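Novice: Residue 756 is where the sequence shown starts when you use our numbering, and the numbers rise one by one after that. Mind having a look at this structure? Questions to follow.
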Amino acid sequence: MSKIRAAITGVAGYVPEDILSNADLEKMVDTSDEWIYTRTGIKERRILRTPGKATSDMGVEVVNLLLKKTKTKPEEIEMLICATVTPDTIFPDTANTILNKSGAKNAFGYDINAACSGFLYALTTGAKFIESGMYKKVIIIGADKMSTIVDYTDRTTCIIFGDGAGGVLLEPSDEGTGVIDSVLKSDGAGREFLHMKAGGSLKPPSEETVSSREHFIYQDGKPVFKAAVTGMVNTVNQVLERNEMTVDQIDWLVPHQANMRIINSVGDMLDIPREKVMVNIEKYGNTTAGTLPLCLWDYETKLKKGDNIMLTAFGGGFTWGSTLLKWHYNSK
Ligand code: UT7
């Protein structure tokens, strides 16, 4: 019997119905479908427009689908981690709200704020609770309602982000399947290139912060682009090296979906054939913590038990990392 690992036993996703297309953005800022598609690979994104609905509501949709797919009762869930940079409120955290709204009465949960790497941070953390034997049913969610912090007057930033959520159920496996290893990194020096200026304890909300549009994402795209490519490639290689694996043993690369040119650069530098790289940026854009589970959800039917899957991400912080997992099941 091999060591207990945390296997993904179900995956689910949720994207809102409303579409924001490149043609829509052409009417809002000085841009074009051609520029957006050739510079980012994005055609459309989803926006949660329903009044009163927040990040937790997308998380609840994901939890409900996960429970249904895996025939799990809400009371059986022991823990839930929600990766997000767009919590419903500064406190309490979104994980608590999701648990409450989904009837998971016996679980505790908390949020992780690691921007686009949030799902990897949360997955790795949740896996440890399974590996230690402490819990047997842990849900990991990546969810962001980016439209609430996107400045729709800033044409370089507003074109990439969208709303969406995805998640997985983790359960113990002694079959060698599950989360194998992660290399996770952070470097706070990168915060100057990607952040929100106001709303926290450094600069609490005021009339001035609102009028100077400081409650939106600030991004200096070029340095982020460069650091993203290097960070993802380096951590994928580190995970491979310390597990004595070569790149041809990867069945699927699941890169954070921020920009198609970043995805292609990472794949090319690693020398991974394009058909092994999961891509859905065209239809959802960059959903921050949602991108990786949304990719797994979209590609679930193609995955086979035993597939080696390498997830990799880079985001605000800077935060970045890569996680290797062995897929646990064949889709029905
Ligand atoms: O997910 C979290 C991490 N984030 C990322 O990984 C994002 C990384 N960065 C990027 O993906 C890219 O930097 C962006 C997509 C954000 C921007 O693309 P870029 O190729 O770096 O464009 P740029 O900002 O250097 O701008 C190039 C030109 C500029 O014009 P000039 O100065 O050359 O005349 C911009 O004004 O393109 C112009 N431009 C646009 N033109 C039409 C910038 N945005 C637009 C636009 N439509 N939306």
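Note that beta-carbon positions come from the ideal geometry of N, C-alpha and C, so glycine has one too. If you're wondering where the values come from, they're calculated on a predicted model, not measured in any experiment.
Using CA coordinates, which residue listed in Ile774, Arg1029, Thr1046, Asn819 is at the minimum distance from isoleucine 1036?
Specialist: Counted from its first residue, the sequence shown places residue 1036 at position 281. Of Ile774, Arg1029, Thr1046, Asn819, the residue nearest in Cα terms is Thr1046.
Novice: Do glutamate 963 and lysine 952 have their C-beta atoms within less than 9 Å of each other?
Specialist: Looking up residue 963 in the sequence shown gives position 208. Looking up residue 952 in the sequence shown gives position 197. Their beta carbons are not under 9 Å apart, which means glutamate 963 does not touch lysine 952 by this criterion.
Novice: Distance check for serine 928 and threonine 1056, CA to CA, integer angstroms please.
Specialist: The residue given as residue 1056 occupies position 301 in the sequence shown. The residue given as residue 928 occupies position 173 in the sequence shown. Taking the straight line from one Cα to the other gives about 21 Å.
Novice: Between which two residues does the alpha helix (DSSP H) containing methionine 951 stretch?
Specialist: Taking the first residue of the sequence shown as 1, we reach residue 951 at position 196. Premise fails: methionine 951 lies in the beta strand (DSSP E), 949-951, not in any alpha helix (DSSP H).
Novice: Let's test the definition: count the other Cβ atoms within 10 Å of the Cβ of glutamate 816 and tell me whether it reaches 16, buried, or not, exposed.
Specialist: Against the sequence shown, residue 816 aligns to sequence position 61. Looking at its Cβ environment, which holds 16 or more other Cβ atoms inside 10 Å, glutamate 816 is buried.
Novice: Are the CB atoms of valine 818 and isoleucine 896 nearer to each other than 9 Å?
Specialist: Reading the sequence shown from its first residue, position 63 is the one you call residue 818. Reading the sequence shown from its first residue, position 141 is the one you call residue 896. Yes, these two residues count as a Cβ contact at 9 Å.
Novice: Answer yes or no: does any C-beta atom of chain C fall closer than 9 Å to that of tyrosine 907?
Specialist: This model lacks chain C altogether; it includes just one protein chain.
Novice: Identify whether alanine 862 lies in helix, strand or coil by the three-state DSSP scheme.
Specialist: The residue given as residue 862 occupies position 107 in the sequence shown. Alanine 862: coil per DSSP, three-state reduction.
Novice: Within 8 Å: the Cβ of asparagine 1014 and any heavy atom of the ligand UT7?
Specialist: Counting from one through the sequence shown, the residue named residue 1014 turns up at place 259. Yes, the beta carbon of asparagine 1014 sits closer than 8 Å to at least one heavy atom of the ligand UT7.
Novice: Name the two residues that bound the continuous alpha helix (DSSP H) containing proline 978.
Specialist: Taking the first residue of the sequence shown as 1, we reach residue 978 at position 223. Note, proline 978: alpha helix (DSSP H), 976-997.
Novice: With three or more C-beta pairs closer than 8 Å as the rule, is the segment 877-894 touching the segment 825-835?
Specialist: Yes: the two stretches touch, three or more of their Cβ pairs being nearer than 8 Å.
Novice: Between the alpha carbons of isoleucine 845 and aspartate 899, how many angstroms are there, rounded?
Specialist: As a first step, residue 845 must be located in the sequence shown, where it is residue number 90. As a first step, residue 899 must be located in the sequence shown, where it is residue number 144. Looking at the two C-alpha atoms, the distance is approximately 14 Å.
Novice: Beta-carbon separation of threonine 932 and alanine 762 under 9 Å?
Specialist: Along the sequence shown, read from residue 1 onward, the residue named residue 932 stands at position 177. Along the sequence shown, read from residue 1 onward, the residue named residue 762 stands at position 7. Closer than 9 Å, so yes.
Novice: Name the DSSP beta bridge partners of proline 1010, please?
Specialist: Looking up residue 1010 in the sequence shown gives position 255. Per DSSP, Thr1067.
Novice: Taking a contact to mean a Cβ-Cβ separation below 9 Å, would you say methionine 1024 touches proline 1010 in this structure?
Specialist: Position 269 of the sequence shown, counted from the start, is the residue given in the question as residue 1024. Position 255 of the sequence shown, counted from the start, is the residue given in the question as residue 1010. Not a contact, by the Cβ cut-off of 9 Å.
Novice: Per the contact definition of three or more C-beta pairs closer than 8 Å, is the segment 1058-1067 in contact with the segment 906-913?
Specialist: Segments in contact, no.
Novice: Quick check: tyrosine 876 and leucine 820, are their CB atoms within less than 9 Å of each other?
Specialist: Here residue 876 refers to the residue found at position 121 of the sequence shown. Here residue 820 refers to the residue found at position 65 of the sequence shown. No. Outside cutoff.
Novice: Do glycine 814 and threonine 849 come within 9 Å of each other at the CB atom, strictly closer than that value?
Specialist: In the sequence shown, the residue the question calls residue 849 occupies position 94. In the sequence shown, the residue the question calls residue 814 occupies position 59. Closer than 9 Å, so yes.
Novice: Cα-Cα, which of Met1015, Ser961, Leu939, Thr764 is closest to alanine 885?
Specialist: Numbered from 1 along the sequence shown, position 130 holds the residue referred to as residue 885. According to the sequence as given, residue 885 is isoleucine; it is not alanine. Minimum Cα distance to isoleucine 885 is reached at Thr764.
Novice: At a cut-off of 8 Å, would you count alanine 778 as near the ligand UT7, judging by its Cβ distance to the nearest heavy atom?
Specialist: For the purposes of this step, residue 778 is taken as residue 23 along the sequence shown, with counting starting at 1. No, the Cβ of alanine 778 stays beyond 8 Å of every heavy atom of the ligand UT7.
Novice: Am I right that leucine 1049 and glycine 919 are in contact with their C-beta atoms under 8 Å? What's the rounded C-beta distance?
Specialist: Position 294 of the sequence shown holds residue 1049. Position 164 of the sequence shown holds residue 919. Leucine 1049 to glycine 919, Cβ: 6 Å. Contact.
Novice: May I have the straight-line CA-CA distance separating glutamate 772 from valine 965, to the nearest angstrom?
Specialist: In the sequence shown, the residue the question calls residue 772 occupies position 17. In the sequence shown, the residue the question calls residue 965 occupies position 210. Looking at the two C-alpha atoms, the distance is approximately 29 Å.
Novice: Indicate whether glutamate 930 and serine 757 have their beta-carbon atoms separated by less than 9 Å.
Specialist: As a position in the sequence shown, residue 930 is number 175, starting the count at 1. As a position in the sequence shown, residue 757 is number 2, starting the count at 1. In contact: glutamate 930 and serine 757 (Cβ atoms closer than 9 Å).
Novice: Could you please give the first and the last residue of the uninterrupted alpha helix (DSSP H) stretch that includes proline 1048?
Specialist: Your numbering for residue 1048 matches position 293 in the sequence shown. Unbroken alpha helix (DSSP H) run through proline 1048: 1046-1054.
Novice: How about glycine 955 and phenylalanine 1073: do their beta carbons lie closer than 9 Å?
Specialist: Start at 1 with the first residue of the sequence shown, and residue 955 comes out as number 200. Start at 1 with the first residue of the sequence shown, and residue 1073 comes out as number 318. The answer is no: Cβ separation not under 9 Å.
Novice: Can you find at least 3 beta carbon pairs, one from the segment 938-948 and one from the segment 1075-1086, that sit closer than 8 Å?
Specialist: Contact between the segment 938-948 and the segment 1075-1086 is present, because at least three Cβ pairs lie under 8 Å.
Novice: The beta strand (DSSP E) that contains glutamate 799, what's its start and end?
Specialist: Sequence index remark: in the sequence shown, residue 799 carries index 44 (1-based). Unbroken beta strand (DSSP E) run through glutamate 799: 799-801.
Novice: Within this structure, are the beta carbons of glycine 917 and valine 766 separated by less than 9 Å?
Specialist: Locating residue 917 in the sequence shown gives position 162, where the first residue counts as 1. Locating residue 766 in the sequence shown gives position 11, where the first residue counts as 1. Not in contact: glycine 917 and valine 766 (Cβ atoms no closer than 9 Å).
Novice: In the DSSP assignment, what residue or residues form a beta bridge with tryptophan 790?
Specialist: The residue you call residue 790 lines up with position 35 of the sequence shown. Paired residues: none, contrary to the question.
Novice: What are the start and end residues of each continuous alpha helix (DSSP H) run of 4 or more residues lying completely inside the segment 804-850, in chain order?
Specialist: For the segment 804-850, whole alpha helix (DSSP H) runs of length 4 or above, ordered along the chain, are 810-824.
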